[in-house]
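Q: Residue numbers (the UniProt record's numbering), protein chains in the order written: chain B, 1 to 358; chain L, 1 to 358; chain H, 1 to 358; chain F, 1 to 358.
Pasting in a structure now, in C-alpha cells, and then I'll have a few things to ask.
There are 4 protein chains.
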Amino acid sequence: MSGIWGNNIRFSIFGESHGEAIGITIDGLESGIELDIEEINREMRRRAPGRNKMSTARNEKDEFEILSGYFNNRTTGTPLCAIIRNSDKRSKDYTKIKNIMRPSHADYTGNIRYSGFNDYRGGGHFSGRLTAPIVFAGAVAKQILRKKGIAIGSHIKSIGEIEEEYFDGVNIEKELLKELSYKEFAVINEEIGLKMKNEILKAKEEKDSLGGIVECAVLNLPTGIGSPFFNSVESVLSHLLFSIPAVKGVEFGAGFDISKMRGSKANDEICIEEGKVKTYTNNNGGILGGITNSMPIIFRAAFKPTPSIAKVQRTINIETKENTTIEIEGRHDPCIVQRAVPVVEAVTAMGILDLISQ
Amino acid sequence: MSGIWGNNIRFSIFGESHGEAIGITIDGLESGIELDIEEINREMRRRAPGRNKMSTARNEKDEFEILSGYFNNRTTGTPLCAIIRNSDKRSKDYTKIKNIMRPSHADYTGNIRYSGFNDYRGGGHFSGRLTAPIVFAGAVAKQILRKKGIAIGSHIKSIGEIEEEYFDGVNIEKELLKELSYKEFAVINEEIGLKMKNEILKAKEEKDSLGGIVECAVLNLPTGIGSPFFNSVESVLSHLLFSIPAVKGVEFGAGFDISKMRGSKANDEICIEEGKVKTYTNNNGGILGGITNSMPIIFRAAFKPTPSIAKVQRTINIETKENTTIEIEGRHDPCIVQRAVPVVEAVTAMGILDLISQ
Amino acid sequence: MSGIWGNNIRFSIFGESHGEAIGITIDGLESGIELDIEEINREMRRRAPGRNKMSTARNEKDEFEILSGYFNNRTTGTPLCAIIRNSDKRSKDYTKIKNIMRPSHADYTGNIRYSGFNDYRGGGHFSGRLTAPIVFAGAVAKQILRKKGIAIGSHIKSIGEIEEEYFDGVNIEKELLKELSYKEFAVINEEIGLKMKNEILKAKEEKDSLGGIVECAVLNLPTGIGSPFFNSVESVLSHLLFSIPAVKGVEFGAGFDISKMRGSKANDEICIEEGKVKTYTNNNGGILGGITNSMPIIFRAAFKPTPSIAKVQRTINIETKENTTIEIEGRHDPCIVQRAVPVVEAVTAMGILDLISQ
Amino acid sequence: MSGIWGNNIRFSIFGESHGEAIGITIDGLESGIELDIEEINREMRRRAPGRNKMSTARNEKDEFEILSGYFNNRTTGTPLCAIIRNSDKRSKDYTKIKNIMRPSHADYTGNIRYSGFNDYRGGGHFSGRLTAPIVFAGAVAKQILRKKGIAIGSHIKSIGEIEEEYFDGVNIEKELLKELSYKEFAVINEEIGLKMKNEILKAKEEKDSLGGIVECAVLNLPTGIGSPFFNSVESVLSHLLFSIPAVKGVEFGAGFDISKMRGSKANDEICIEEGKVKTYTNNNGGILGGITNSMPIIFRAAFKPTPSIAKVQRTINIETKENTTIEIEGRHDPCIVQRAVPVVEAVTAMGILDLISQ
C-alpha cells in the first residue's frame with residue numbers, strides 16, 4: 001500500500017510525471033461545501049514551476065479538472081476526484097539516461113522497489129510533480145479549515161546557511177500568515193529574502209543546488225485534538241511531511257534545541273488570561289501528549305538540496321552493473337524550498353482536516 | 001482511534017499507569033516463531049526504572065504475562081496479547097494534585113481530550129509507563145528481524161549540551177550495536193558517558209531535569225522497502241517515534257544539517273563494490289524516495305527534558321480556573337533519555353517489521 | 001490481519017479456548033460513559049454454556065475483568081480492554097485427537113493457515129468460546145446505543161425445519177425485543193419454542209445436531225447512516241455476522257425471497273405520516289443504497305448444525321496423511337443457535353456503533 | 001469513509017452517473033503485470049447496457065482510459081487509475097423528478113445522507129453505472145488470479161421464480177466457467193435460459209421488473225486463505241457483494257438450507273485422494289472457520305427486482321413534504337441480473353486478490 005492516507009478523510013494519490021495524468025481522490029468530505037475554485041488555482045500557482053529564474057523552465061499550467069464529487073459548485077459528500085493532465089512532457093530527454101541512476105534521487109530505490117517496471121521518465125511516480133495533486137487536496141482542506149477559523153501559513157526559515165527569524169510561537173498573527181501566502185518568495189524579512197535568492201542564483205550558476213527549512217504555523221485549532229498512542233498530532237503531521245520528496249527532518253516547537261534545555265527552561269508554564277488557557281512560552285509547539293493545547297502549532301521541515309545538479313557525479317549503470325558518471329542536464333530547480341512552501345501547508349491542511357474530523 | 005498502529009502487523013496498546021494492567025496485542029505475526037523469553041525480559045529491564053540513581057525509584061518489575069497467541073513456545077499466528085500488572089502504585093500521591101495541571105505534561109490536553117474522564121493518576125494512559133508494552137512488542141519484533149539478519153541499535157547522542165560522536169553511516173558495525181544494547185548507559189564513548197551522567201545527577205540535585213538525543217541505526221535491511229506516497233520509511237518511523245512521550249524532533253541521515261549543504265556535497269554518490277551497490281556517503285540515512293537503498297538507516301530523535309521538576313512552576317487549577325503554582329514531588333527521572341533508548345529501538349523494530357511484511 | 005475490526009470504533013480480539021485468557025480491546029469509545037456492569041454480566045450469561053440440557057456441560061462462568069480504559073465507573077476514552085480467564089479447561093481431552101481433523105470444523109483449515117502451529121486444544125482461536133469477548137464488546141456497544149434510543153433484539157426464527165413467525169418489519173415493538181432478551185430460549189411463540197427444544201433434545205439423543213436461523217431487528221436508527229461503495233450497512237453487518245462461527249447465510253429484509261418478487265410487489269412505497277417518512281412495506285429491511293431509510297433494520301443469519309457429533313464420520317489424520325474415522329466425544333452443544341442469539345446482537349451492536357460514530 | 005476498500009490491494013472508487021467521469025484507482029498491485037486490454041474490454045461489454053432488448057437502451061460504450069500506474073503495457077506497481085467518461089447523459093430527464101423519491105431507490109436515503117447536496121441525476125453516485133469501474137478493477141484482478149491458476153465464474157441461478165440447476169460444488173469444471181463467461185445470458189441450461197428471457201420481456205411489457213439469483217464459483221484457490229475473526233473469506237466477499245446495488249442476500253455453500261440439515265448430513269466428511277485433501281460434499285462452500293479448505297468456493301447473491309418501473313407508485317415529494325405518486329419513465333432494465341453477473345465476478349476477484357495478497 002502506498003498511495004492512500006487518512007483515517008477519516010482519505011486521500012488517494014496517483015500518477016506519473018510523464019504519464020497521462022496525475023490526480024487525487026478525496027474521500028469522506030462533508031457534503032455542501034462550496035469551493036472557491038480561483039483560490040485553489042492560486043494555491044496551484046504558488047507551487048507551479050516557471051514563475052521566476054529560480055525554478056525550472058518546465059512549463060506546466062497545472063490545470064486541474066474535477067471529475068466527481070462536485071455538483072452545483074458544492075461537494076456532494078461522495079469521493080471528489082481531480083486530475084491534472086501532463087502537458088509539457090519531453091520524454092525522450094530521459095530514455096538516454098534510463099539506466100544511469102541519479103545520485104540522491106529515487107532512481108535506484110524505485111528500480112528495486114518496482115522490479116524495474118516503474119515509469120522512469122522524469123522521476124515517474126517519485127517526481128516532485130506529484131505534489132501538484134497534493135496542493136490541490138491541501139487547497140480544498142484549507143478552505144474547509146478556514147470556515148472553522150483555522151489558519152495555516154509558513155515561511156522560508158532558511159536557504160542554505162542564510163536564516164531568517166523564527167515565528168513567534170506565542171503571539172503569531174493570522175495576518176502575517178496571509179501576507180506570506182501572497183508572496184512569491186515567502187519570507188518575513190525581505191532583505192534576508194533577497195540574500196536567499198542571490199544565494200540560489202549563485203548556486204545555479206555554479207551548477208549546484210541548495211536546500212533549506214520551511215517553518216509552518218497552524219492557528220486557532222480546537223484544544224484536545226490528537227491522541228497519545230499512536231496518533232499524536234506530531235505523528236500525523238510528520239507522517240505526511242516525510243512523504244514530501246526531499247524532507248529529511250521534522251521538529252515541533254523548540255525541536256532539536258529543546259533537548260539542550262533544562263526542564264525549568266523548556267517547560268511551558270501555564271496561565272489563564274481572560275478566561276483562556278495559555279502558556280507563557282511555546283517550546284512544545286502547541287502539542288502536549290500528542291494533543292493540541294490551545295497554543296499555535298509550530299513546526300519545521302528540513303529540505304535537502306535538489307539532487308539534480310549539472311556537475312559530474314559518480315554513479316552506476318543499473319543494466320551493465322558498472323560504475324560510471326553522470327552530468328544531469330535539463331530543466332531543474334536549483335532550489336526547491338520556495339516551491340515546497342505550499343506543499344508543506346497542503347499536507348498540514350490534509351492532516352489537520354483528518355484529525356478534526358474524528 | 002488512538003491505540004492501534006500498523007498495516008500488516010497491527011499493534012493495539014492499552015492501559016493506564018495506575019489501572020489494573022497495561023498491555024499490547026500484536027496481530028498478524030507469522031506462526032511458528034520461537035521467542036526467547038529471557039531476551040524479552042532483558043529488553044524490559046533496559047527500560048525498567050530503578051536501575052540506578054539517575055532514574056525514578058518507582059519499583060516496577062515489569063513482569064509480562066502472555067495471554068494468547070503463543071503455544072508450545074511458539075507464536076500461533078493468532079493475536080498475541082501480553083499484559084503487565086501495575087504493582088507499585090501509590091495512587092493517593094496523585095489525588096491531591098488532580099486539578100493542578102503540570103506544565104509540559106499532558107494533564108491539560110488529556111483533560112480536554114477526554115472531557116475530564118481520563119485516569120489522571122500518574123499520567124494515566126499518557127504515562128511513560130505505557131512504553132513498557134511497546135518495549136515488549138519491540139522485543140518480539142526484534143527477534144523476528146534478527147532471524148532475517150536485520151540489526152537495530154542505538155546510543156545516547158547527547159544529554160543536554162554534552163554530545164558524543166555520530167554513528168558512522170557508511171561503515172557501522174553490527175557488533176557495536178550489540179555492545180551498546182548491553183550497556184546500562186548506552187554511549188560509545190564511556191568518558192563522555194560519565195560526563196553525561198554527572199550532568200544528570202547535577203540537574204537532579206538542582207531540582208531540574210535534562211533532555212537529549214538518541215541516535216539509532218538499522219542494518220541489513222533489504223533494498224526496496226517502503227513507498228513514496230504516503231508510506232515512506234521516514235513517514236512510518238517518524239509516525240511511531242513521535243508517539244513516544246517527549247519526542248519533539250526526528251531527522252534522518254544528515255537531517256537538519258543537510259538543508260545547509262549544497263547538492264554537490266549532500267548527494268550520496270553511488271558505486272558498485274564487489275557486486276554490491278553502495279554510496280560513498282550516507283547523508284540520506286539509507287532512504288531515497290521513501291525507500292531503503294541498501295545503506296544503513298540512520299536517524300535521531302530529540303527528547304525534551306523530563307517535565308516533572310521539583311522547582312516552583314506557574315500553572316492553573318482546572319477546577320477553580322485560577323492561576324496557581326506547583327512543585328512536583330515524588331519519584332521522577334531527572335532524565336528520561338537513557339531509558340528511552342530501548343523504546344526508540346522498539347518502535348523502530350515495530351515499524352520495520354510492518355514494512356517488510358508488505 | 002485477522003483480529004481487528006472497525007473504522008471508528010476498533011475491536012481487537014485475542015485468545016484461545018484453552019490458553020490463559022481470551023479478551024477484547026475496544027478503541028475509540030467516547031469518554032464518560034457509565035457502564036451497567038450487571039447488565040453486561042446478564043448478556044454474558046445469555047451466551048454462557050451450561051444453562052440447560054440443550055447446551056454443553058462445560059462450566060465457564062465467563063467472568064470478565066476490565067484492565068484499562070475504565071475509571072470511576074466510566075469509560076476514560078482510552079482503549080478499554082477486558083479479559084476472561086479460561087477456567088474449566090480439560091486440555092488432555094484434545095491431545096489424543098490432535099491430528100484427526102473434525103469434519104466441518106476449522107481443524108484442517110486452521111492447521112494449514114497457521115502451518116500447524118495453532119493451538120488445537122478445543123478449537124483454539126476458532127472456538128465458539130471466542131464469542132464471549134464479542135458478547136462483552138456488544139454489551140458495551142448496546143448500552144451506548146440504548147442511550148441514543150437505539151434498540152437491538154432478535155429471536156430464533158427456526159431450528160432445523162421448525163419455524164416461527166417473522167418479525168413484522170413495519171410495526172415491530174421495542175417491548176417485544178426487550179422481552180425476548182430476557183428469555184432463556186428466545187422465541188416469540190412459546191409453543192413453537194417447545195417444539196424446537198424437543199427437536200434439539202431428540203437430535204442430541206440421536207448423537208446428531210441441528211442448525212437454525214436467527215432473525216434480528218434494529219430500531220430507531222437515525223436515517224442516513226451508511227455509505228454506498230464499499231461501506232453499506234449490509235456490508236458492515238454481514239462482514240461481522242460472517243465472522244461468527246457457523247454462519248453460512250445472511251439476508252436483509254425479504255432477502256432471498258425478494259429475488260422472486262416483481263418490482264411492483266417488492267418496492268417499498270413511501271409516505272409521510274405525521275411528519276415522519278415511512279414505507280408501507282419493508283422488503284428492503286430498512287436499508288436503501290446501503291443507507292438507513294428510517295424503517296427498522298431486519299436481517300437473518302443462517303447457522304449450520306454444530307459440527308461436533310458423536311456419530312462415526314470419515315476424515316483424515318493430518319500427520320499420517322491417511323483416511324480414518326472419528327467419533328467426537330465430550331461436552332458439545334447439540335444446537336448452537338440459542339446461544340448464538342446474543343452473539344448476533346453483539347456484532348450488530350458493534351457494527352451499528354461503528355457506523356453511527358462516523 | 002465510503003469509496004475505499006481493501007487491506008492489501010486498495011480499490012478507491014469515484015464518480016457520478018451524470019458527472020464528468022467515473023473511475024477507480026487500484027493501489028498495491030504488483031509491478032510488471034502485463035494486462036490484456038482486449039480482455040478487459042470484453043469484461044466491460046459483458047456489463048455494458050444496450051446489448052439486447054432486455055437491457056436499457058442507454059448507449060454507453062464504457063471506454064476506459066488508464067491514467068497512471070501502467071507503462072510499456074505493464075503495471076508499474078504504483079496506483080493504477082482508470083476513468084470512463086460519461087457520454088450519453090440526458091440530464092434534463094432527471095431534473096423534473098428531482099424531488100420525487102423513487103421507491104426502493106436510494107433517492108431518499110442519499111438525500112438525507114448527503115444533506116441534499118448529492119448529484120441526483122441518474123442516481124448519481126448510487127447509480128448501477130458505478131459498477132463499470134468495478135468491472136474494470138475486477139477484470140484486472142481476474143487476470144492476475146488467472147496467472148496463479150485461479151478461475152472465477154458464475155451463472156444466473158434464477159430469474160424470478162424460474163430456477164436452473166446449482167453448480168456442482170464438488171466437481172465443477174473450469175471449462176464450464178469459461179463457457180459461461182462467453183454467453184450473453186449466462187445460464188447452464190439454455191432451455192431454462194429462454195424461459196427466463198421470456199419472463200423478463202413479459203415483465204417489461206407489463207411495466208414491471210424482475211430480480212434473481214447469481215451463483216458464483218471460485219476454483220483452485222490455495223488452501224489456508226482467510227482468517228477467523230474478523231476477516232473470514234465469507235466476511236470479505238459478503239462485504240463486497242453487499243456493496244453491489246440491489247443485493248439483499250448472500251449465502252455460501254448450502255447457505256440457508258444448511259440450517260435445516262442435521263449435522264450428520266451437513267458435515268462435509270474429509271478424505272485424501274491421490275495425496276489431495278478433499279471433502280465428499282461441499283455444504284460449507286469451500287470455507288471452514290473463515291478459511292479456504294481446498295474445495296471450490298461456492299456462493300449465491302440475491303438481487304431484488306429493478307426498482308424503476310413504469311407503474312404508478314405512491315411516494316413523497318421531499319421538498320413539499322407531501323405524499324404524491326410517480327410513474328418512472330425512461331430507459332431502464334426490466335431485470336438487472338444478467339448484467340450483474342460480471343459485477344459479482346468482479347467484486348469476487350477483487351476480494352480474492354486482496355485475500356491472497358496477505
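Every residue gets a Cβ at the ideal spot worked out from N, C-alpha and C, and that includes glycine.
Since GLU83 (chain F) meets chain B, which of its residues come closer than 7 Å, beta carbon to beta carbon?
A: As a working note, residue 83 (chain F) is residue 83 in the fourth sequence. As written in the sequence, residue 83 (chain F) is Ile, which differs from the Glu given in the question. By Cβ distance, chain B contributes LEU67.
Q: Indicate whether LYS304 (chain L) and ALA266 (chain B) have their beta-carbon atoms separated by less than 8 Å.
A: As a first step, residue 304 (chain L) is located in the second sequence; it is residue number 304 there, counting from the start. As a first step, residue 266 (chain B) is located in the first sequence; it is residue number 266 there, counting from the start. Yes. Within cutoff.
Q: Between the Cα of PRO133 (chain F) and those of F:PHE14, F:ILE328 and F:GLY32, spot the shortest distance and give me the residue it belongs to.
A: Taking the first residue of the fourth sequence as position 1, residue 133 (chain F) is located at position 133. With distances taken between Cα atoms, PRO133 (chain F) lies closest to F:PHE14.
Q: Tell me whether ARG74 (chain L) sits in a helix, a strand or coil according to DSSP, three-state version.
A: Translated into positions along the second sequence, residue 74 (chain L) becomes position 74. Strand at ARG74 (chain L).
Q: Which residue spans inside the segment 76-157 of chain F form an unbroken beta strand (DSSP E) run of at least 3?
A: 80-85
Q: Would you say TYR114 (chain B) reaches chain F, if we count a Cβ-Cβ gap shorter than 8 Å as a contact?
A: Here residue 114 (chain B) refers to the residue found at position 114 when the first sequence is read from its first residue. Yes, TYR114 (chain B) counts as interfacial toward chain F.
Q: So is ILE97 (chain F) in contact with chain B if we call contact Cβ pairs under 8 Å?
A: Counting from one through the fourth sequence, the residue named residue 97 (chain F) turns up at place 97. For ILE97 (chain F), the answer is no, since every Cβ of chain B falls outside 8 Å of its Cβ.
Q: Expressed to the nearest angstrom, what Euclidean distance is found between the alpha-carbon atoms of GLU16 (chain L) and GLY138 (chain L)?
A: Indexing the second sequence from 1 puts residue 16 (chain L) at position 16. Indexing the second sequence from 1 puts residue 138 (chain L) at position 138. One C-alpha to the other measures close to 19 Å.
Q: How is GLU273 (chain B) classed by DSSP in three states: helix, strand or coil?
A: For the purposes of this step, residue 273 (chain B) is taken as residue 273 along the first sequence, with counting starting at 1. GLU273 (chain B) falls in the strand class under three-state DSSP.
Q: Using three-state DSSP, classify THR315 (chain B) as helix, strand or coil.
A: As a working mapping, residue 315 (chain B) is identified with position 315 in the first sequence. Under the three-state reduction of DSSP output, THR315 (chain B) falls in the strand class.
Q: Could you confirm whether any beta carbon from chain F is found closer than 8 Å to the beta carbon of SER2 (chain H)?
A: Within the third sequence, residue 2 (chain H) is the residue found at index 2, counting from 1. Any Cβ of chain F closer than 8 Å to the Cβ of SER2 (chain H) would place that residue at the interface, and such an atom is present.
Q: Determine the chain B residues that contact PHE242 (chain L) at a beta-carbon separation under 7 Å, and present them in chain order.
A: Residue mapping note: residue 242 (chain L) aligns to position 242 of the second sequence, counting from 1. Those are SER232, GLU234, SER235 and SER238, listed as they occur along chain B.
Q: Would you list the one or two residues that DSSP bridges to LYS252 (chain F)?
A: In the fourth sequence, counting from the first residue as 1, residue 252 (chain F) sits at position 252. Note on identity: in this sequence residue 252 (chain F) is Phe, with Lys being the wrong assignment. According to DSSP, which records beta bridges pairwise, PHE252 (chain F) is partnered with F:PHE299.
Q: For the alpha helix (DSSP H) containing ILE37 (chain F), list its first residue and its last residue.
A: The residue you call residue 37 (chain F) lines up with position 37 of the fourth sequence. From DSSP, the alpha helix (DSSP H) with ILE37 (chain F) extends over 37-47.
Q: Do SER238 (chain F) and ASN231 (chain H) have their C-beta atoms within less than 8 Å of each other?
A: Here residue 238 (chain F) refers to the residue found at position 238 when the fourth sequence is read from its first residue. Here residue 231 (chain H) refers to the residue found at position 231 when the third sequence is read from its first residue. Result no, Cβ atoms of SER238 (chain F) and ASN231 (chain H) do not sit closer than 8 Å.
Q: Going by the beta-carbon positions, is the gap between ILE270 (chain B) and ARG113 (chain L) smaller than 8 Å?
A: Stepping through the first sequence from its first residue, residue 270 (chain B) is reached at position 270. Stepping through the second sequence from its first residue, residue 113 (chain L) is reached at position 113. Result no, Cβ atoms of ILE270 (chain B) and ARG113 (chain L) do not sit closer than 8 Å.
Q: Determine, using beta carbons only, whether ARG129 (chain B) comes closer than 8 Å to chain F.
A: Position 129 of the first sequence, counted from the start, is the residue given in the question as residue 129 (chain B). It does not: the Cβ of ARG129 (chain B) has no partner Cβ on chain F nearer than 8 Å.
Q: For LYS253 (chain F) and LEU240 (chain F), I'd like the C-alpha separation in whole angstroms.
A: Taking the fourth sequence and counting its residues from 1, one reaches residue 253 (chain F) at position 253. Taking the fourth sequence and counting its residues from 1, one reaches residue 240 (chain F) at position 240. Here residue 253 (chain F) turns out to be Gly, not Lys, going by the sequence shown. Their Cα atoms are separated by approximately 18 Å.
Q: Which class does ILE200 (chain F) belong to by DSSP, given the choice of helix, strand or coil?
A: The sequence position of residue 200 (chain F) within the fourth sequence is 200, counting from 1. The answer is helix: DSSP assigns ILE200 (chain F) an H, G or I state.
Q: Below 8 Å on the Cβ atoms is my contact criterion, and I expect ARG26 (chain F) with PRO222 (chain F) to pass it. Report the Cβ-Cβ distance as a whole number of Å.
A: Residue mapping note: residue 26 (chain F) aligns to position 26 of the fourth sequence, counting from 1. Residue mapping note: residue 222 (chain F) aligns to position 222 of the fourth sequence, counting from 1. Checking the sequence shown, residue 26 (chain F) turns out to be Ile, not Arg. Not quite, the Cβ-Cβ distance comes to about 22 Å (not below 8 Å), so this is no contact.
Q: Using the beta-carbon of each residue, which ones in chain B are nearer than 8 Å to PHE136 (chain F)?
A: If you number the fourth sequence from 1, residue 136 (chain F) lands on position 136. Within 8 Å Cβ-Cβ: nothing; PHE136 (chain F) doesn't reach chain B, min ~14 Å.
Q: Tell me whether the segment 104-123 of chain H and the segment 292-303 of chain H touch, counting them as touching only if at least three CB pairs, one residue from each stretch, are closer than 8 Å.
A: Touching, no, given that fewer than three Cβ pairs across the two stretches are closer than 8 Å.
Q: Using the three-state DSSP reduction, which class does ILE24 (chain L) fall into: helix, strand or coil?
A: Here residue 24 (chain L) refers to the residue found at position 24 when the second sequence is read from its first residue. Three-state result, ILE24 (chain L): strand.
Q: Take LYS197 (chain B) as the anchor and find which of B:LYS248, B:SER158 and B:GLY169 has the nearest alpha-carbon.
A: Here residue 197 (chain B) refers to the residue found at position 197 when the first sequence is read from its first residue. Of B:LYS248, B:SER158 and B:GLY169, the residue nearest in Cα terms is B:SER158.
Q: Select from F:ALA141, F:ILE316, F:MET350 and F:GLU322 the residue whose C-alpha is nearest the C-alpha of THR109 (chain F).
A: Start at 1 with the first residue of the fourth sequence, and residue 109 (chain F) comes out as number 109. Comparing Cα-Cα distances from THR109 (chain F) to each of F:ALA141, F:ILE316, F:MET350 and F:GLU322, the minimum goes to F:ILE316.
Q: Just reading off the alpha helix (DSSP H) that THR348 (chain F) is part of, what are its end residues?
A: Walking along the fourth sequence from the start, residue 348 (chain F) turns up at place 348. Run containing THR348 (chain F): 337-356, per the alpha helix (DSSP H) assignment.
Q: So which residues of chain H does GLN313 (chain F) contact, with C-beta pairs closer than 7 Å?
A: Numbered from its first residue, the fourth sequence carries residue 313 (chain F) at position 313. Within 7 Å Cβ-Cβ: ASN267 and GLU269.
Q: Between PHE185 (chain H) and chain F, is the shortest Cβ-Cβ distance under 8 Å, so that the two count as touching?
A: One-based indexing of the third sequence puts residue 185 (chain H) at position 185. Residue contact check for PHE185 (chain H) against chain F: no CB pair falls below 8 Å.
Q: Confirm, please, whether the CB-CB distance from ILE258 (chain L) to GLY123 (chain B) is below 8 Å.
A: For the purposes of this step, residue 123 (chain B) is taken as residue 123 along the first sequence, with counting starting at 1. For the purposes of this step, residue 258 (chain L) is taken as residue 258 along the second sequence, with counting starting at 1. No; because the gap between Cβ atoms is not below 8 Å, this pair is not in contact.
Q: Between the Cα of GLY255 (chain H) and the Cα atoms of H:ILE287, H:VAL277 and H:ILE272, which residue gives the shortest distance?
A: For the purposes of this step, residue 255 (chain H) is taken as residue 255 along the third sequence, with counting starting at 1. Residue H:ILE287 is the option with its Cα nearest to GLY255 (chain H).
Q: Can you list, in chain order, the residues of its chain with a C-beta nearer than 8 Å to that of TYR70 (chain F)? Leave out the 5 residues immediately preceding and following it.
A: As a position in the fourth sequence, residue 70 (chain F) is number 70, starting the count at 1. LEU35, THR76 and LEU80, listed in sequence order.
Q: Would you kindly work out how many angstroms separate the C-alpha atoms of PHE64 (chain L) and ALA82 (chain L), rounded to a whole number?
A: Reading the second sequence from its first residue, position 64 is the one you call residue 64 (chain L). Reading the second sequence from its first residue, position 82 is the one you call residue 82 (chain L). Cα-Cα distance, rounded: 6 Å.
Q: Give every residue of the same chain whose Cβ lies closer than 6 Å to the Cβ of residue 436 (chain B), excluding the five residues on either side of it in the sequence, and list them in chain order.
A: Look at the range of chain B in this structure, 1 to 358, and you will see that residue 436 (chain B) is not part of it.
Q: Which residues of the segment 7-22 of chain B have a Cβ closer than 8 Å to any Cβ of chain F? Give them in chain order.
A: ASN8, ARG10, SER12, ILE13, PHE14, GLY15, GLU16, GLY19, GLU20, ALA21 and ILE22
Q: Given PRO334 (chain H), which residues of its chain have a CB within under 8 Å of its CB, disregarding the five upstream and five downstream residues?
A: Here the question's residue 334 (chain H) lines up with position 334 in the third sequence. Within the same chain, MET54, ILE200, LEU201, ALA203, LYS204, ASP208, SER209, LEU210 and THR306 come within 8 Å of PRO334 (chain H) by CB-CB distance, once the 5 residues on both sides are set aside.
Q: Is ILE328 (chain B) helix, strand or coil when you go by DSSP?
A: Indexing the first sequence from 1 puts residue 328 (chain B) at position 328. If DSSP states are grouped into helix, strand and coil, ILE328 (chain B) belongs with coil.
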